[in-house]
Amino acid sequence: MMHRVKLFAAIRQRIGRDELEVELPSAATVRQLRGALAEQFPPLAGVLAHTRIAVDSEYANDDRQLCPASEIALIPPVSGG
Amino acid sequence: MISLTTKHIDASEVLASVSSTDAGAIVLFLGTTREFTHGRRTASLDYECYPEMAEKKLAELEAEARRRWPLTGCSIVHRLGRLELGEASIAIAVSSPHRQVAFEAGKWLIDTIKEVVPIWKRENWADGSSEWVHPGLSKSE
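Which chain is which? The protein sequence lines are X and B, in order. Quick note on my numbering: the first sequence kicks off at 7 and runs consecutively. Quick note on my numbering: the second sequence kicks off at 5 and runs consecutively.
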C-alpha cells in the first residue's frame, strides 16, 4: 500500500518535495516505515535516526500501526521559539 | 490564546490578551532575531511549521500549563515566514495572581515549545548561504 509522508525543513530540501510516497505492506508499523524510507530514499538514511515520526499530528513510537488514512509526517529536530 | 501568524507580533496586544484584575503578575517572553551566532552574522530567518500539528501541540502545552499552575491568562504567538533582525519570532505571555507562578510557567512553556512543537527556522547568513537548524543533526548525516 502507498502511504504519503509529509516533509519539512532540511528533509524537504534534501528530497526536493514537500511530500513523498512510500510502499508498505498493509497494517505496517512505524518501524517498517522507517526501514522502507531508508531503503527507498537513500538521502534520508542518516537523518532518520534523529527524526521523529508523527501519525495524525502525534509523535508515534515504532510499534504504532499505520492505517490507510493515517497522516504521516517526518519531524526532524525542531528549532522554533 | 494560541496563534501562528506571518504578521509582525505586537507585544502590547499579547499582553492585553492576558491582562486581568485577577492577576498580580504578568510575565512576557519574546524570542527575537539575533544578529550574531557564534561569531557568524545572520541576515534574516525563515520559520516554517507543520500547521495542524504545531497548533495542536501549542494548545496542548497551554492546557498543560494551566493544569500545572494557577494561571489567569496564557497566550502563545509564533511567527512564521521571513523575519528581519530584531523582530520577535515568539511571544509568550502568562498572568497569575503571584509572580513566581508566572515566571515558572513562562519558562516551562518556552523550554517545552523548543523541544516538541514542529516549527523550524532557517538561518539566512549574511554571506549569502542558508541552512535549516536541526539541533543534534550534523550536516553530513
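Note that the Cβ used here is the ideal one computed from N, Cα and C, for glycine as well.
Residue from the options with nearest C-alpha to residue i
{"i": "B/His12", "options": "B/Arg86, B/Lys143, B/Leu113 and B/Glu145", "result": "B/Arg86"}
{"i": "X/Ala79", "options": "X/Gln46, X/Leu39 and X/Ala51", "result": "X/Leu39"}
{"i": "X/Ile59", "options": "B/Pro122, B/Ser23, B/Ala27 and B/Ile96", "result": "B/Pro122"}
{"i": "B/Leu141", "options": "X/Gln71, X/Ala55, X/Leu72 and X/Ala42", "result": "X/Ala55"}
{"i": "B/His82", "options": "B/Phe40, B/Trp73, B/Ala95 and B/Leu75", "result": "B/Ala95"}
{"i": "B/Ser134", "options": "B/Ser48, B/Ser7, B/Met5 and B/His42", "result": "B/Ser48"}
{"i": "B/Lys125", "options": "B/Ser93, B/Leu8 and B/Leu19", "result": "B/Ser93"}
{"i": "B/Lys143", "options": "X/Val53, X/Ile21 and X/Gln46", "result": "X/Val53"}
{"i": "X/Ser85", "options": "B/Leu8, B/Val137 and B/Leu19", "result": "B/Val137"}
Partners in chain B for residue i, counting only beta-carbon separations shorter than 7 angstroms
{"i": "X/Val61", "result": "Within chain B, no residue comes near X/Val61; the closest Cβ sits about 10 angstroms away, beyond 7 angstroms."}
{"i": "X/Gln19", "result": "Trp136"}
Where residue i sits in the DSSP three-state scheme
{"i": "B/Leu84", "result": "coil"}
{"i": "B/Ile123", "result": "strand"}
{"i": "B/Glu59", "result": "helix"}
{"i": "B/Ala69", "result": "helix"}
{"i": "B/Gly77", "result": "strand"}
{"i": "X/Ala66", "result": "strand"}
{"i": "B/Asp115", "result": "helix"}
{"i": "B/Ala97", "result": "strand"}
{"i": "B/Ile13", "result": "coil"}
{"i": "B/Val137", "result": "coil"}
Closer than 8 angstroms to chain B by CB, residue i
{"i": "X/Arg16", "result": "According to the sequence provided, residue 16 of chain X is Ala. The question's Arg does not apply to it. Yes, X/Ala16 counts as interfacial toward chain B."}
{"i": "X/Ile78", "result": "no"}
{"i": "X/Pro82", "result": "yes"}
{"i": "X/Ser32", "result": "no"}
{"i": "X/Gly41", "result": "no"}
{"i": "X/His56", "result": "yes"}
Supposed contact pair residue j and residue i - C-beta distance, whole angstroms, cut 8 angstroms
{"i": "B/Ser100", "j": "B/Ala15", "result": "Incorrect: roughly 19 angstroms between the Cβ atoms, too far for contact."}
{"i": "X/Val11", "j": "X/Val36", "result": "Their Cβ separation, rounded to whole angstroms, is 11 angstroms, which puts X/Val11 and X/Val36 out of contact at 8 angstroms."}
{"i": "X/Ser76", "j": "B/Glu56", "result": "X/Ser76 to B/Glu56, Cβ: 13 angstroms. No contact."}
{"i": "B/Tyr54", "j": "B/Leu84", "result": "Contact doesn't hold; Cβ gap of about 11 angstroms is too wide."}
{"i": "X/Ile17", "j": "X/Leu50", "result": "7 angstroms"}
{"i": "B/Val105", "j": "B/Pro74", "result": "6 angstroms"}
{"i": "B/Gly129", "j": "B/Arg44", "result": "Per the sequence shown, residue 129 of chain B should be read as Trp rather than Gly. Contact holds; Cβ gap of about 6 angstroms."}
{"i": "X/Gly87", "j": "B/Gly35", "result": "5 angstroms"}
Minimum Cβ-Cβ distance from residue i to chain X less than 8 angstroms
{"i": "B/Val31", "result": "no"}
{"i": "B/Met57", "result": "yes"}
{"i": "B/Trp124", "result": "yes"}
{"i": "B/His82", "result": "yes"}
{"i": "B/Ile94", "result": "yes"}
{"i": "B/Ile114", "result": "yes"}
{"i": "B/Lys111", "result": "no"}
{"i": "B/Ile117", "result": "yes"}
Residues that residue i contacts on chain B, provided the C-beta gap is smaller than 9 angstroms
{"i": "X/Val53", "result": "His138, Leu141 and Glu145"}
Proximal residues of chain X, C-beta to C-beta of residue i below 9 angstroms
{"i": "B/Glu52", "result": "Phe14, Ala15 and Arg18"}
Partners in chain X for residue i, counting only beta-carbon separations shorter than 8 angstroms
{"i": "B/Gly35", "result": "Gly87"}
Partner residues on chain X for residue i, Cβ-Cβ distance less than 7 angstroms
{"i": "B/Lys60", "result": "Ser63"}
{"i": "B/Val121", "result": "Val84 and Gly86"}
8 angstroms Cβ cutoff, residue i in contact with chain C
{"i": "X/Glu29", "result": "Of the protein chains in the structure, X and B, none is chain C."}
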